[in-house]
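These notes are about the structure you will find just below.
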Amino acid sequence: CGQVPEVLGTAHVFRVFTGQLTTHGMPTEEARWLERLPELRELVLKAFRYALKVTVDCAAMAEDASLLEYSELEVALLELERSWHLGEEGAAAWKVSMQERVPNLMALRRKG
2 CGQVPEVLGT AHVFRVFTGQ LTTHGMPTEE ARWLERLPEL RELVLKAFRY
52 ALKVTVDCAA MAEDASLLEY SELEVALLEL ERSWHLGEEG AAAWKVSMQE
102 RVPNLMALRR KG
């Protein structure tokens with residue numbers, strides 16, 4: 002928190018995607034506050050994951066995510082809500098999505 006995102010690097014993206022809201026292994030003031038509000042925490046993580054998925058999709062299609070029209074973004078977000086589960090593989094929500102046969106699942110893994 003309070004740092005330039007480019008400095009934090011890809012490990013930061015992985016940590017936040019997997020719900021680890023810490024900086025260098027230590028919870029920040031903001032992370033501690035968010036932990037006290039579990040519903041908001043889940044919404045923040047969902048928004049981050051959706052933004053990452055839209056960005057990855059745009060990069061794969063050689064498009065600039067910042068140039069998406071609102072209507073295109075709305076379609077993409079509705080598709081994510083309807084047909085995707087983004088989160089930690091093996092987490093309770095992941096298992097529920099598997100049982101409910103959510104058509105698309107996305108998780109991040111570390112190599113190794």
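Numbering follows the working numbering, with no gaps: position 76 of the sequence shown is 77.
Yeah, the Cβ is synthetic: ideal placement off N, Cα and C, and Gly gets one too.
Fair warning: this is a prediction, and the values are worked out from it, not measured in the lab.
Requested in this report: Using only alpha-carbon positions, find the residue among Lys-54, Cys-59, Phe-15 that is nearest to Ser-84.
Outcome: Per the Cα distances, Lys-54.
Query raised in the report: Below 8 Å between beta carbons: does that hold for Leu-46 and Gly-20?
Result: Yes, Cβ-Cβ distance for Leu-46 and Gly-20 is below 8 Å.
Query raised in the report: Secondary structure at Met-27, three-state DSSP: helix, strand or coil?
Result: Note: Met-27 maps to strand in three-state DSSP.
Query - Residues of its chain near Leu-78, where Cβ-Cβ distance is below 7 Å and the 5 sequence neighbours each way are ignored - result: Tyr-51.
**Report entry** Beta carbon of Trp-95 nearer than 8 Å to that of Glu-89
**Finding:** Cβ distance < 8 Å, so Trp-95 and Glu-89 count as in contact.
**Report entry** Met-99 (DSSP reduced to helix, strand or coil)
**Finding:** Looking at Met-99 - three-state DSSP - the assignment turns out to be helix.
**Report entry** Per-residue burial, Leu-74 [other beta carbons within 10 Å of its own, 16 or more giving buried]
**Finding:** Around the Cβ of Leu-74, a 10 Å sphere holds fewer than 16 other Cβ atoms; the residue is exposed.
Query raised in the report: Shortest alpha-carbon distance to Ala-92 belongs to which of Val-8, Phe-18, Glu-7, Pro-6?
Result: Of the residues Val-8, Phe-18, Glu-7, Pro-6, the one whose Cα lies closest to the Cα of Ala-92 is Phe-18.
Query raised in the report: Apart from the five residues on each side of it in sequence, which residues of its chain come closer than 8 Å, Cβ to Cβ, to Asn-105?
Result: So the list reads Ser-84, Trp-85, His-86, once near-sequence residues are dropped.
**Report entry** CB of Leu-1 within 8 Å of CB of Ala-32, strictly
**Finding:** Any property of residue 1 remains undetermined from this structure, which presents the chain solely from 2 to 113.
Query - DSSP bridge partner residues for Leu-106 (one or two, in chain order) - result: According to the DSSP secondary-structure assignment, Leu-106 is paired through a beta bridge with His-86.
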